[in-house]
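Protein chains in written order, with our numbering: chain A, 1067 to 1369; chain B, 116 to 946.
Don't be surprised by glycine CBs; every beta carbon is placed ideally from N, CA and C.
Since we're looking at a predicted model, the values are computed, not measured.
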């Protein structure tokens, strides 16, 4: 499946901002299951500097600065990604989760060390007894890791309600855990907190999810959204992606942009501006399968 | 009293006594000092101690205490008896700390580079990944000359057997070297002869080397080096300003800097100036809100990217806080062997990082003999002394350790060595910790000979300046001739004469401007209040009215006088209001608050003011020491004292400050403020005054300190027009409005990038002012019919009203032109 993705972010400031320093994390990663064919970032106003850099986690970042007074910042990322069908089915059976945890501890190989760092607290995710208690209901003694992981994913999906009104980008997992409501970022944070509370390496994945129009309706441009899910490390198998928001294992409808310890490492567009005052933000994502011919009547909407 | 070793309690049980092995005879290297102290005698010692204390207060040497509700900075506390270290012993210490510095630097190079130490298991991966001080964006970023650590501090303690141990390493922005230098200056002054005779290794060569190293970090000629401070509220701000002044670097805060095109620039009043090297006192993660902590207001957005691009050097390198944890100590012997192929010369105090199973088990069994600390800096936790924990809390604490062992470090409690201390007329002994400093010169490492000695308040407690401990000087008694160079007193070597004006950061100009305004404001308030206070008790009805009009010149928004429409204020009302205007610390327009503001603003630019000026500012703040019981009649003389200090300040401002941009801004501030007050007072006398109100003229002359001028010209007859001439038009009177405007216009024009429109407006105002022909003005009495064609007075009044609006707008325009970009804090989006 080949997707053409357009991700447009627009900041409008009440007063002119004189300088802006920004980082965009909007270029899809190339993984075993998908290749990023093309990716292009259009920035308005024209940046004074623009630098690409690969971060510690291997994500492609774009640093840019705006050095002229501006009231609108518009960043449009256009990408083409080739997603190969379903990733390999998870091998069953696999080792009990306790053994998986122990084997990471003693693994000093590059992959082992790479995974190990995702066991620990990160700026936005703390490890807490209540997370461990919740996770242990799924991670019963000697249960195989993938099975326990899927069970936890499904419980979060059922116990938490999707609600875009109760949280914001800075809401802590503790708060979400209490309210049992939130959006994909919140559910991913909660699940990561649960896994790390059991010393399981887990990382935050930022990306896109293809949405389907209701039967008989045309596909709406911009109705797709940026999305987030979770990846957990299982020695012997590798990283296993799960999507607690939809209770599914990501397949050819998910496109990975970047991963990190939590949202803070991979937020799609962040920055600091001088001046500007209050601001409004609009984000529109459009994910168009290139092999489907159904774009005749496009209606623009903002999410 | 004589200083007698036998009478002084010099020994704590078990601790090493620096002074004496047997409690009676001083060790050989102390003998000379003890003899000298005896010869000087306790009375003279007491006097010298008092002199040192006074000097500390006068120089404003201070240490800010966090959590003090008043944000109080406390005077630095110093003990006059130095800690003595003989040459041989120093050589051992020096070798130990230099080796440790090399080792720590190599560790950082590996951990931010290939991470072989982690792969090989010499450095636990947990201490890397679980440590919030590990800054991932800096991994793989090359550091010039492999110098991750430009300078580091190592705290040393001596155990009962005489061995020195490392207690802690300060690797990211070590503090205290400036205090060590200040201590040395003071103590060398307290004991000039003793200091000379003792052949003490000097500190200045170290700081000279530090300046050279930083200068050489950059290839450019005359590189711009700045010292980045978190600001005046930081605990060691005094030191930042002291070091900046001593080394000749520009002291800046995050908001003074900006990153453009991947380079760092200093915002100055003349425009942006590129910065080559940053000596930082801001903690690692606060340095860049874009890539590090997004909530930091202390850093510079884009700084990491400028480092990655190789366009700025930072000392110490960003990320060096990674190994500022005691948790690494158990691994140092192995790492030393691995990286240097040597045995670790300076042992660390016994340390257990609970992240290791056997260490945790040991700590659980021996909690009573250790002190437990957080392993990582982000956890706020006071050190816990196992022995002091009540039994009831012990189990709970052990559970915490077991639940999150990675986050705790336990250290053996060291019985600190004791050294003599001058305490209220006698010698006592107290526990000491020596903070040493090592500098990376690129071609080798050098140590400050000695360092900063900190004194524990009580035996067994934690040594911490934050908790209000004393400090001492440390003298390394050398056995061959010493280099007596001092940066403060340069040697007689040929120098290139330079008159490069110092760059003035926008924030400094901002503070200079407001210092000028507030000092002038304080003077005007004090003069107006004094004029009223000397009169209010004897004022009859008409004069009371004049005083109330004078009061209105303060334009106080917090006045306690009854509103005119309700009833006319009585003399008693006015008296209370005046006292409140002098002493009420809760009233922003009171004299005491204005002086506090002068002190605060002055403190922000202390590195630019002479120590005499800082001293004056301190005295000014303390000059209003009136209490509840102060009789009203004493206030005028209190105000006179205060005015004396203000005059001394303005004298220094005129005579002791170079005519650079900072002075321009300060003087512009003064002219604007004085013009504002003058305009208000002149407006009171240009609205027609009845003859019985002419005593107001006398007040206004007195406030403007122009009574003498008037009297020599007109003897005693008070005439409104003559008063106007003196205060409005006389260009030779430094208190006249003409004088303010002409100086303002002249100085403003000299500012780089000044606004032509404002410059023009100032000159136009001056021209208009000079166009008034006072001689032919008709000063009509109220009620009298105004002869037609003579509307001069009304025009004059109009002019003053308009000027009253223009002055603040010039001040605002100046602010937004030169300062506001340095005040704006960035707004975070998308996080």
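- Contact annotation: in the stretch 1112 to 1143 of chain A, residues whose CB is within less than 9 Å of a CB in chain B are 1114, 1115, 1117, 1119, 1121, 1122, 1123, 1129, 1131, 1133, 1139.
- Using a Cβ-Cβ cut-off of 8 Å, residue 405 of chain B counts as an interface residue toward chain A, since at least one Cβ of chain A sits closer than that to its own.
- Residue 509 of chain B: member of the alpha helix (DSSP H) spanning 506 to 518, first to last residue.
- Going by DSSP, residue 1156 of chain A is part of no alpha helix (DSSP H) at all; its letter is neither H nor E.
- Rounded to the nearest whole angstrom, the C-alpha separation of residue 1310 of chain A and residue 1187 of chain A is 20 Å.
- If you draw a straight line from the Cα of residue 629 of chain B to the Cα of residue 780 of chain B, it is about 8 Å long.
- Rounded to whole angstroms, the Cβ separation of residue 1273 of chain A and residue 1320 of chain A is 6 Å, and the two are in contact under 8 Å.
- Residues of chain B whose Cβ lies closer than 7 Å to the Cβ of residue 1182 of chain A are, in chain order, 240, 244.
- Cβ neighbours of residue 263 of chain B within its own chain (closer than 8 Å, five residues either side excluded): 220, 223, 224, 227, 431, 432, 434, 435.
- A straight-line Cα-Cα distance of about 46 Å links residue 1346 of chain A and residue 1210 of chain A.
- Taken in chain order, the members of the stretch 1332 to 1360 of chain A whose beta-carbon sits within less than 7 Å of a beta-carbon on chain B are 1333, 1335, 1336, 1337, 1338, 1339, 1340, 1341, 1342, 1345.
- Interface annotation, residue 1087 of chain A: in contact with chain B, CB-CB separation under 8 Å.
- Contact between the stretch 195 to 210 of chain B and the stretch 451 to 458 of chain B is absent: fewer than 3 CB-CB pairs across the two stretches fall below 8 Å.
- Put simply, the backbone Cα of residue 597 of chain B is about 17 Å away from that of residue 566 of chain B.
- For residue 237 of chain B, the three-state secondary structure derived from DSSP is coil.
- Assigned with DSSP and collapsed to three states, residue 229 of chain B falls in coil, not helix or strand.
- Taking a cut-off of 8 Å for Cβ pairs, the stretch 812 to 819 of chain B and the stretch 828 to 838 of chain B touch, as three or more such pairs fall below it.
- When DSSP states are grouped into helix, strand and coil, residue 465 of chain B belongs to the coil group.
- For residue 1174 of chain A, the closest Cβ of chain B is nearer than 8 Å.
- Under the criterion of beta carbons closer than 8 Å, residue 216 of chain B and residue 563 of chain B do not qualify as touching, at roughly 12 Å.
- According to DSSP, residue 1341 of chain A shares a beta bridge with A:1083.
- Closest option to residue 646 of chain B, judged by alpha-carbon separation, among B:490, B:664, B:738, B:656: B:664.
- The DSSP-derived three-state label of residue 1101 of chain A is strand.
- For residue 942 of chain B, a Cβ of chain A is located within less than 8 Å of the residue's own Cβ.
- The residue among B:519, B:530, B:517 with its C-alpha nearest the C-alpha of residue 485 of chain B is B:530.
- When only Cα atoms are considered, residue 512 of chain B and residue 439 of chain B end up about 24 Å apart.
- Chain B places no beta carbon closer than 8 Å to that of residue 1243 of chain A, leaving this residue out of the contacts.
- With a threshold of 8 Å between beta carbons, residue 1077 of chain A makes contact with chain B.
- Proximity of chain A to residue 374 of chain B at the Cβ level (cut-off 7 Å) is accounted for by 1087, in chain order.
- With its beta carbon less than 8 Å from one in chain B, residue 1179 of chain A belongs to the interface.
- By the Cβ criterion, the stretch 358 to 371 of chain B is in contact with the stretch 403 to 414 of chain B, since at least three pairs of Cβ atoms, one from each stretch, lie closer than 8 Å.
- Counting along the chain, residue 525 of chain B sits inside no alpha helix (DSSP H); it lies in the beta strand (DSSP E) bounded by residues 523 to 527.
- Sequence-distant Cβ neighbours of residue 145 of chain B in its own chain, meaning closer than 7 Å and more than five residues away, are 134, 199.
- In this structure, the alpha-carbon of residue 1076 of chain A lies about 34 Å from that of residue 1220 of chain A.
- Any Cβ of chain A closer than 8 Å to the Cβ of residue 236 of chain B would place that residue at the interface, and such an atom is present.
- Around the Cβ of residue 585 of chain B, a 10 Å sphere holds 16 or more other Cβ atoms; the residue is buried.
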